[in-house]
């Protein structure tokens, strides 16, 4: 059985993806159709007419109602059928599920579980989004052909970057740097500091560093679906406080994982930085580079998923570098188990 935590907020789409045209996306094996009401409010309904099961996304909008493309049944934003052509009585079974949505951080967040528990305050806070002095590279999306738990493990595994991302962000100099792992309520973080080292060329250019730097990567995962990699480069020898780290180069790299099926994942991403915030060319270069980086991850995840499916085995050997990834997997599985109890 699929391991899904349904009582949580997931990114269903970027705001720019949903308009007055019917837009379909499968989430946690459930077909969903999205659209906006005339006033701009986003709506999500089960993408399956209860009559003959035709996807509602094959119909069209009539005002703020979805009209089925087979026999013309109309459904309002609550999922209730409001019209059946040729008859006055509407069957009690003529209804579809309406999913709670919240629009925030240029994204549409969906709650797949019990609607009564859908508290918007539980949406993960995206640090520095929209704040002066910070720029956002957003709207990134890929469909990764792997189980989201495998991807969650990948996103808390600093060790893979040296080998998977040789052409993008990989740095062989960090492969022997120890990784520290911490865990708290609902999160796991793997981190490593490289202190008093020469700055990478790109950091030297962006930060105007005259000497050596302290550089850190924090791989944070907030169960069940948010990854935040926090990269800091600062003058060497300073205290590692939030104030001083924000005076150096700082990047928050967010990934939002939304299960499509047991073997496919919607991979949304954005990056927020505190340097060259008005540089349009840098924006374009960063988007292209990040898109390539995450495509490299997808190649690995796809191959791993294929072999797991063929063997029925998740992993045969455990290494020290698995400390954070294994904790993330256990945390999510425990959440799903508790939810289903």
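Numbering (the numbering used here), first residue to last: 688 to 1028. Idealized CB from N, CA, C, for every residue including glycine. Keep in mind that this is a model prediction, so the values were computed, not measured.
Between the stretch 733-745 and the stretch 713-722 there are three or more C-beta pairs closer than 8 Å, enough to call the two in contact.
It is roughly 28 Å from the alpha-carbon of residue 967 to the alpha-carbon of residue 885. Residue 963 and residue 893 do touch by the CB rule: their CB atoms are close to 6 Å apart, below 8 Å. Rounded to the nearest whole angstrom, the CA to CA distance from residue 834 to residue 776 is 44 Å. By the Cβ criterion, the stretch 977-996 is in contact with the stretch 821-830, since at least three pairs of Cβ atoms, one from each stretch, lie closer than 8 Å. Given a length threshold of 4 residues, each whole run of the alpha helix (DSSP H) inside the stretch 876-902 is given here in chain order: 888-894. Beta-bridge annotation (DSSP): residue 827 is paired with 956. By the Cβ-count criterion, residue 795 is buried, with 16 or more other Cβ atoms from all chains shown falling within 10 Å of its own Cβ.
As a beta-bridge residue in DSSP terms, residue 871 pairs with 874.
Under the DSSP assignment, residue 925 falls outside any beta strand (DSSP E); it carries neither an H nor an E label. Per DSSP, the unbroken alpha helix (DSSP H) holding residue 841 starts and ends at 835-841. A direct Cα-Cα distance of roughly 15 Å separates residue 957 from residue 906. The stretch 741-758 and the stretch 696-709 touch, with three or more beta-carbon pairs separated by less than 8 Å. Proximity of the stretch 944-959 to the stretch 835-846 meets the contact definition, three or more beta-carbon pairs being nearer than 8 Å. By alpha-carbon distance to residue 722, the top candidate from 786, 870, 804 is 786. Residue 790: member of the beta strand (DSSP E) spanning 788-791, first to last residue. Three or more beta-carbon pairs separated by less than 8 Å are not found between the stretch 788-808 and the stretch 762-779, which leaves the two stretches without contact. Taking residue 766 as the centre and dropping the five residues before and after it, the same chain places the C-beta of 732, 733, 782, 783, 784, 785 closer than 8 Å to its C-beta, in chain order. Comparing alpha carbon positions, the residue from 699, 692, 1013 closest to residue 869 is 1013.
By the criterion of at least three beta-carbon pairs nearer than 8 Å, the stretch 875-889 is in contact with the stretch 913-926.
For residue 1001, same chain residues with a beta-carbon under 7 Å away, outside a window of 5 residues either side, are 995 in chain order. Closest in C-alpha terms to residue 866, from the list 700, 1011, 693, comes 1011. If you look at residue 1016, you'll find it in the alpha helix (DSSP H) that goes 1010-1027. Rounded to the nearest whole angstrom, the C-alpha separation of residue 770 and residue 798 is 27 Å.
Distance from the Cα of residue 758 is smallest, within the candidate group 950, 772, 934, 1004, for 772.
Residue 1002 sits in coil when the DSSP states are folded into three classes, being neither helix nor strand. Note that the C-beta distance between residue 937 and residue 961 is below 8 Å. Judged by their CB atoms, residue 911 and residue 879 are not nearer to each other than the 8 Å cut-off.
No residue range can be given for residue 755, since it is assigned to no beta strand (DSSP E) and is classified by DSSP as neither H nor E. Under the 10 Å beta carbon count, residue 825 is surrounded by 16 or more other beta carbons and is classified as buried. Among the bridge pairs identified by DSSP, residue 712 is matched with 719.
Residue 697: member of the beta strand (DSSP E) spanning 696-701, first to last residue. Measuring C-alpha to C-alpha distances from residue 730 to each of 760, 918, 764 identifies 764 as the nearest. Burial is judged here by how many other beta carbons sit within 10 angstroms of a residue's own beta carbon; residue 993 has fewer than 16 and is exposed.
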